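What follows is one structure encoded as C-alpha cells, with my remarks underneath.
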Amino acid sequence: MNSPKFSLLSQGLEHVLAGRLDEADRTLASLRARLDVDAHAEDMQYLLFAAALSKRLGGESAAEFNLYRRRFEQSQIGLFSLLSSKLPFVSMSSAIANEMLTGFIRGHEAVTLLDVGIGRGLQEVALLHRLAEADALPQRLHVFAVEPDPDSLSTAREALSAAAQRLGVSFRFHGVTCVAEDMTEEHWRLLESLPGCRLATASFALHHIAERPAPAPDAREGFFQRLAQWAPAGVVLCEPSSNHHRVALGERFQNAWRHYGFIFQLLEELDISRQEKNAIKLFFSREVEDILGTEEETQRSERHEPAGAWLGRLERTGFQPTSGLEKPWPAAHPAIAVRPHTGYVGLEYREETIVAILCARAAA
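Per my numbering: the sequence shown = residues 14 to 377.
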C-alpha cells in the first residue's frame, strides 16, 4: 500500500521503533489532520492504528486521538451485542463450534462441559437449542464455567438454567471467577468429580492467557497440559488466526494491519449503517491498542496466534486434531468461505483465514 496516509502511518511506526518520539508525535499528528472518518470509510482503520501507536508517546498526542475516537464510542455490552448480531465471523464460528460439540455429545446420557470464557452464555444457550433440534440432548448436563467477570458469569448461569429447565435437562452450573491460567488444583479436582462424557470449549478466550516473565513456565502450555490430564473426549476452540503473540512490534503491526484490514473490508460489504460499521470497528480498537500500544509484554492480553500454532500446542500436549471435517457447515455471508482442514474449519475472507474453529480428540 503506497497511499500518503499509509506512508505517514509507517513513518510514525519507524520513528517509534527507533525511539524518535518527537518525530513520531509530529508524523502521527500530520496523519490525524488528514483523517475524515465521516467521509472516508478507510480512515477509521488509520485512526485506530495511529491512536494505538500514540499510546506509546503518551501526553497530548494520545489524549487528542482519544478525544477524536470518543465520538464513536458506545457501551462495551452494546458493542458486543452489535458485533455478535452483525459480524458474520462471530455468528458463524459459534454455529460451527456448536455443531462440533453436538457431534461429541450425541448418544451420551451425561455430559460435563468445561467452558472457558463463557461470557453471558449466549453460545451455550444456542447449543442447548441445537441439541434439542438434533434430538441429541443429554439427560444430565454439568457446565463448569470459567469467566473473570462475575456479572457475565451470573447472567450465563441464569440463562442456561432457564433454557435447560424449558428443555427438560437436569442441569448443574459450576462457575469460577478467574481466567484459564489461574484455575487451581481444587478446580480441576471438582471437574474430575463430575459425571459423564468430558468436553472442553473456549470461544475467543484462550489467546488472553497471559505471558509470564522468565523463568516462569509457559502458561498456555501449562493449561493445555493440565487439560490433557483431565482427558476430555473432545476439545472445540474458536480463535482469531493471526500472529500477535511473541513477534516484535514491527511484525505485529503488519500482521494486525492485514488481519483487521480484512475484517473492516468485510464490514464495508455488510448491509448495515455507517454508524454501526464504525461502532464495530471501534470495538476492535481496544484490541489494536493492546497489540500495538502496550509496551510491557507481560501486560498484553490480545495475543492471537495462527491456527497452526494452536494445533501444534494441542498435539504437543496429547490431543489429536480431528479429521473428516469436510461436510456442510453453517454459512451466513457469501463473501466468507468455510474451508475445512485437518483439525480446524477456517472462515476465510479473500483467501485469508480470519477465524479458526479447532476440533481435537483425546489421543488414542
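We treat Cβ as the ideally placed atom computed from N, Cα and C, and that holds for glycine.
Keep in mind it's a predicted model, so treat the numbers as computed, not measured.
Cβ pair count under 8 Å reaching 3, the region 223 to 243 against the region 321 to 335: yes
Length of the line joining the Cα atoms of Trp243 and Trp201: 8 Å
Inter-residue Cα distance where the pair is Phe217 and Phe93: 13 Å
Three-state secondary structure (DSSP) of Asp56: helix
Distance between beta carbons of Phe117 and Gly247, contact taken as under 8 Å: 4 Å
Of the residues Arg33, Cys251, Val156 and Tyr357, the one placed nearest Ser336, counting alpha carbons only: Tyr357
Three-way DSSP call (helix, strand, coil) for Ala149 in this model: coil
Which listed residue (Gly32, Leu66, Arg33 and Ser16) has its alpha carbon closest to that of Arg47: Ser16
Which of helix, strand or coil DSSP assigns to Ile222: coil
Own chain, CB closer than 6 Å to His155, minus 5 neighbours either side, in chain order: Thr125, Arg185 and Leu207
Which of helix, strand or coil DSSP assigns to His317: coil
Beta carbon of Leu96 nearer than 7 Å to that of Ile293: yes
Inter-residue spacing [alpha-carbon to alpha-carbon] between Arg265 and Ser67: 16 Å
The region 287 to 302 contacting the region 357 to 368, beta-carbon criterion three pairs below 8 Å: no
Cut-off 6 Å between Cβ atoms - residues of its own chain near Leu41, not counting five sequence neighbours on either side: Gly25, Ala63 and Ser67
Rounded separation between Ala223 and Pro161 - CA only: 13 Å
Candidates Glu308, Ser167, Ala369 and Ala31: closest to Leu338 by CA position: Ala369
Beta-carbon gap between Asn256 and Pro319 smaller than 7 Å: yes
Buried/exposed call for Pro253, threshold 16 Cβ in 10 Å: buried
Integer-rounded CB distance, given that Ala108 should sit under 8 Å from Ala353: Note that residue 353 is Pro in the sequence shown here, rather than Ala. Contact doesn't hold; Cβ gap of about 15 Å is too wide.
C-beta contact flag for Arg133 and Asn111 at 7 Å: no
Expected contact under 8 Å - CB spacing of Leu34 and Leu70 to nearest Å: 6 Å
Start-to-end residues for the beta strand (DSSP E) that takes in Ala269: Note, Ala269: premise wrong, no beta strand (DSSP E); alpha helix (DSSP H) at Leu262 to Glu282.
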